[in-house]
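Okay, so here's the structure we're looking at.
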Amino acid sequence: MDGKEPVLQLPEVIRDLWKAQQALVNHYSSTRLKFTLDGRLVGDIAEALALEYFDLVLPPKRTGGVDALTRNGRTVQVKATGRINSGPAFTPGVGFADHLLFFRIDFTSNTASVAYNGPEAPVRSLLPKEDWKGTKVIALRDVQKLAAQVIREDFLPFRSSMDERVL
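So the sequence shown is numbered by our numbering: it starts at 1 and just counts up by one.
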């Protein structure tokens, strides 16, 4: 990538979701609860964005580590974070994809940047080599270094109808 992350406009329904989350935080401010938008919800939002903005299809059967397919059958894993300085989180598993899309979602601006669009293997190489448990988050700076090395031919292209929505 050229160092500049493509920025995608999110649908208004996601802004509405964020406003509702903020209202919960304000309403229950005395509890100090955060009501964070994270985990499964952020991942599902990212998968929906990937299907909307990129020329991808859902796999006929869901398998771990594969969230979508290209038209020619290559596998794609989609990762996301709602934290500004966080990299992608991985859990151990047997599913690996050919390609990785990693989104950084900014709920306050209702946008998502594509922090990584390239082969998954270089990113996975940063994970522990031995058996590991739990969740491992790869440092954002390391993912950004790898993103800068991805050649244009390895990018998943945007749907042509989405070009005007990429900021």
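By construction, the Cβ of each residue, glycine as well, lies at the ideal position given by its N, Cα and C atoms.
From which residue to which residue does the beta strand (DSSP E) around residue i run?
i	result
residue 43	Looking at the DSSP string, residue 43 is not in any beta strand (DSSP E); the run it does join, the alpha helix (DSSP H), is 40 to 53.
residue 104	99 to 106
residue 7	7 to 9
Should residue i be labelled buried (16 or more other beta-carbon atoms within 10 Å of its own) or exposed?
i	result
residue 115	buried
residue 27	exposed
residue 49	buried
residue 75	buried
residue 104	buried
residue 13	exposed
residue 78	buried
According to the Cβ coordinates, are residue i and residue j closer than 7 Å?
i	j	result
residue 23	residue 66	no
residue 10	residue 53	no
residue 95	residue 64	yes
residue 46	residue 80	yes
residue 59	residue 166	no
residue 158	residue 18	no
Output the boundary residues of the alpha helix (DSSP H) element that contains residue i.
i	result
residue 119	That residue, residue 119, is in no alpha helix (DSSP H); its beta strand (DSSP E) goes 111 to 119.
residue 145	140 to 149
residue 19	12 to 27
Going by Cα to Cα distance, which pick from the options is closest to residue i?
i	options	result
residue 92	100, 134, 125 and 110	134
residue 153	99, 166 and 104	99
residue 145	160, 127, 123 and 159	123
residue 33	83, 21, 95 and 104	21
residue 120	150, 83, 110 and 132	150
residue 15	112, 4 and 143	112
residue 83	12, 36 and 29	36
To the nearest whole angstrom, what separates the beta carbons of residue i and residue j, a pair I think is in contact under 8 Å?
i	j	result
residue 87	residue 139	5 Å
residue 41	residue 56	Going by Cβ atoms, the distance from residue 41 to residue 56 rounds to 20 Å, so no, they are not a contact pair.
residue 137	residue 102	Wrong, their Cβ atoms sit about 11 Å apart, outside the cutoff.
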